[in-house]
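Undergrad: Chains as they are written, first to last, in the working numbering: chain A, 235 to 638; chain B, 32 to 313. First the structure, then my questions, so here it is.
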């Protein structure tokens, strides 16, 4: 029943060699990129830049999470970028520029509206049986127009600015140092508790279980990660005159989306059915699953993610403007998901892929800016990196499941 | 096990069919599943014509016939994919209506289609419980499902699978078929229908699946097997039914048939070799 640590390691190594290397190649690439940019310009790893990096990554991470819900089912939503832009514009206008409504109404209201718009795309795809690529491409074009219209209507020169308030604070304000440590300790503590409980439950029930060393290794990883995050975000990134310490609110928001999404996908029937539909839609239907309901839900989750992404982006920009590149963003979101390991044809993907892929894209842009690459070179460089990342991932997976 | 043809409507004490019209053939109560006069047309195409079939409990009934004979159509009329255009279905002597796959599974009919309907990206446990997951407070109860899967596979003597957490896409054809059959068996199905279970399998894999079929029957589960492989049919079948161009031309105990007569019935619809040709309604 019990598998010795050494034996388990051998099994894992064999799986790795046969192609199921998971996140390892991407993580290696991530670390390599970080080291490269650090050596080119030490500023890259200064705490103020790391903070900026996470903030910049947020839009890609959240939009990518939204796309993953759809990619799992073999669908796509190309309009999420501009839906985020609309969310940014509406929240800025609602809270500050025109209406001065309380944030408690505007922010959730905006997210709800964007969710419904995502659901609307889903309705067209599911009930009119239209291909999601075309429907959401129309959305991309149409919503860009809507976004420009909303912003330019304010007659403020194409930009709507946010001055302070909760909307501004999402990204620019932070938890206190103490609160940051408490949050990290609670999270790492809970995660460790659940990992250990799951290990003991498996062992107690008589099923084959992995050696405890795996669980311990994961816990150690979490603790180290927690300490790193705590040290980085609690260091002063403000300078001598304005001290700024603590984790920006955007990070717990990202984490909450990651945890909620991962929980749904791994521990609920809803998540299970999403993977099933993406893997074999007909088999899912024959198993009694209401395929259309889950397709609609995926579009709704996509819209929701775009809504939250838009709010955080507005916070980052301290407003919104009519040249927000919603088209580019959504393409990067899909690229981030694929680089992280999500399949474009459905059935494979996790929320963490969005985080890794989103961070990678932010690292590239942030790093290239720091070493003063020209815009032209930046575009070419990122193209090469994306191609390399997806090739490595694809080749690495080729051996794992027959037929992939 | 002798099957005596009954044509008179004798009311059996336990049938309880008080609403039975006079003259109605009451032999249906002896069988788990009885079909009477099942017809199915798709527009101008008559796929099934007046099919009568009896399926006893705890036995393997093989439906054989050439391509296009209507075997799959007949199966889909029983499993709820399609409703018959006309005709009656009796379950334990009671007339039932099967309009959806849900109706069929409520009765205890489980069907394994030719394409197996498995999700390659999910593992064995996830496939076994697809659509009928066990949950605890809304959260999937993985341990319960995994234990049940291990137990079912062991009971069905499926030993070649190393881990129930393997993705189904990485299994061999025989293992996939075994998983599909186990999935059907796990629901405490009373009737398991298998559509061409050995069509794509090699020799040892075929033996594995045939063994599974015999094991199911030995536990009191009725099995209907559609197959065009007569070797497999004669290996497992207790009863054989022959379809030809949408009609059921012959049925009876497997011992009544041999390869030559079976082939003749499949290709021509009649056989000169059978001593007393059985009519489809017994």
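All residues carry an ideal CB built from backbone N, CA and C; glycine is no exception.
1. Give me the chain B residues within the contact set of residue 516/A, using Cβ-Cβ distance strictly less than 8 Å, ordered along the chain.
2. Any idea which residues DSSP pairs residue 70/B with across the strands?
3. So does residue 604/A have its beta carbon nearer than 8 Å to some heavy atom of the ligand SAH?
4. Within the 9 Å Cβ cut-off, does residue 134/B reach chain A?
5. Taking DSSP as the reference, what is the three-state secondary structure of residue 496/A?
6. Please identify the residue among 508/A, 563/A, 598/A and 597/A whose C-alpha is closest to the C-alpha of residue 374/A.
7. Mind pulling the chain A residues with CB within less than 9 Å of residue 171/B?
8. Could you round the C-beta distance between residue 205/B and residue 151/B to whole angstroms and report it? I think they count as a contact, below 8 Å.
9. Pick out whichever of 115/B, 146/B, 261/B and 58/B has its Cα sitting closest to the Cα of residue 131/B.
10. Anything in the region 162-186 of chain B with a Cβ closer than 9 Å to a Cβ of chain A? List those residues in chain order, please.
11. Using the C-alpha atoms, what's the distance from residue 482/A back to residue 407/A?
12. Using a threshold of 9 Å, state whether the C-beta atoms of residue 173/B and residue 503/A are closer than that.
13. Considering only residues of the region 376-416 of chain A, which uninterrupted beta strand (DSSP E) runs meet the minimum length of 3 residues and lie entirely inside it, listed in chain order?
14. Using a Cβ-Cβ distance cut-off of 9 Å, determine whether residue 194/B contacts chain A.
15. Would you be able to state if there are at least three C-beta pairs under 8 Å between the region 543-559 of chain A and the region 380-398 of chain A?
16. In three-state terms, what does DSSP make of residue 283/B?
17. Considering Cα atoms alone, identify which of 453/A, 404/A and 532/A is closest to residue 427/A.
18. Residue 600/A to residue 359/A, Cα distance in whole Å?
19. When we look at the beta-carbon of residue 92/B and count the other beta-carbons within 10 Å, is it buried (16 or more) or exposed?
20. Excluding the five sequence neighbours on either side, which residues of its own chain have a C-beta within less than 7 Å of the C-beta of residue 281/A, listed in chain order?
21. Can you tell me which of the three DSSP states residue 143/B falls into?
22. Is there a Cβ from chain A that is less than 9 Å from the Cβ of residue 226/B?
23. Tell me which residues share the same chain as residue 433/A and place their Cβ nearer than 7 Å to its Cβ, disregarding the 5 neighbours each side in the sequence.
24. Could you give the C-beta distance for residue 195/B and residue 184/B, rounded to a whole number, given that I count them as a contact under 8 Å?
25. Are the region 327-335 of chain A and the region 524-534 of chain A touching, with three or more C-beta to C-beta distances below 8 Å?
26. Using alpha carbons as the reference points, say which of 249/B, 215/B and 208/B lies closest to residue 237/B.
27. Skipping 5 residues on each side, what residues in its chain have a beta carbon closer than 7 Å to that of residue 213/B?
28. What residue ranges within the region 499-536 of chain A form continuous alpha helix (DSSP H) runs of no fewer than 4 residues, ordered along the chain?
29. For chain A, find out if any of its Cβ atoms is closer than 9 Å to the Cβ of residue 287/B; answer yes or no.
30. Have a look at residue 543/A and residue 425/A and give me their C-alpha separation to the nearest angstrom.
31. Would you please verify whether the beta carbon of residue 439/A is less than 9 Å from any beta carbon of chain B?
32. Helix or strand or just coil, what does DSSP make of residue 272/B?
33. Quickly, what does DSSP pair residue 79/B with across the bridge? List them, please.
34. Taking the alpha-carbon positions, what's the residue 463/A to residue 273/A distance?
35. Evaluate residue 156/B with the Cβ neighbour count: other Cβ atoms within 10 Å of its Cβ, from every protein chain shown; 16 or more gives buried, anything less gives exposed.
36. Just to confirm my understanding: we take residue 627/A, look at its own chain, exclude 5 residues before and 5 after, and list those with CB closer than 8 Å. What are they?
TA: Considering the structure as presented:
1. Residues of chain B whose Cβ lies closer than 8 Å to the Cβ of residue 516/A are, in chain order, 146 and 148.
2. For residue 70/B, which the question treats as bridged, DSSP gives the partners 117/B.
3. Absent from the structure shown: the ligand SAH. Ligands present: none.
4. Chain A contact via Cβ: absent.
5. Helix at residue 496/A.
6. Looking at the Cα atoms, 563/A is the closest of the given residues.
7. Per Cβ cutoff of 9 Å: 500, 501, 502, 503, 505 and 506.
8. Wrong, their Cβ atoms sit about 16 Å apart, outside the cutoff.
9. Closest option to residue 131/B, Cα to Cα, is 115/B.
10. Per Cβ criterion, the list reads 162, 163, 164, 166, 169, 170, 171, 173, 174, 175, 177, 178 and 181.
11. Approximately 6 Å between the Cα atoms of the pair.
12. No, Cβ-Cβ distance for residue 173/B and residue 503/A is not below 9 Å.
13. Runs of the beta strand (DSSP E) inside the region 376-416 of chain A: 393-395.
14. Residue 194/B counts as touching chain A.
15. Flag = yes, the region 380-398 of chain A and the region 543-559 of chain A touch.
16. Residue 283/B: strand per DSSP, three-state reduction.
17. Ranked by Cα distance from residue 427/A, the options 453/A, 404/A and 532/A are led by 453/A.
18. C-alpha separation (whole angstroms): 37 Å.
19. The residue in question, residue 92/B, is buried, as its Cβ has 16 or more Cβ neighbours within 10 Å.
20. Cβ neighbours of residue 281/A beyond the five flanking positions: 466, 469 and 471.
21. In the three-state reduction of the DSSP assignment, residue 143/B falls in the strand class.
22. Closer than 9 Å: no.
23. So the list reads 443, 446 and 449, once near-sequence residues are dropped.
24. Contact flag correct, Cβ pair sits at about 7 Å.
25. Result no; under three Cβ-Cβ pairs closer than 8 Å.
26. Out of 249/B, 215/B and 208/B, 208/B has the C-alpha closest to the C-alpha of residue 237/B.
27. Closer than 7 Å at Cβ, skipping near neighbours: 159, 183, 184, 187 and 189.
28. Complete alpha helix (DSSP H) runs here, min 4: 503-513 and 515-520.
29. Output row for residue 287/B: interface = no.
30. So the two alpha carbons sit approximately 25 Å from each other.
31. With a threshold of 9 Å between beta carbons, residue 439/A makes contact with chain B.
32. In the three-state DSSP reduction, residue 272/B falls in the strand class (E or B).
33. Checking the DSSP bridge columns, you'll see residue 79/B partnered with 71/B.
34. Computed Cα separation, rounded: 21 Å.
35. Looking at its Cβ environment, which holds 16 or more other Cβ atoms inside 10 Å, residue 156/B is buried.
36. Excluding five sequence positions before and after residue 627/A, the CB atoms of its chain that fall closer than 8 Å to its own CB belong to 259, 260, 572, 573 and 575, given in chain order.
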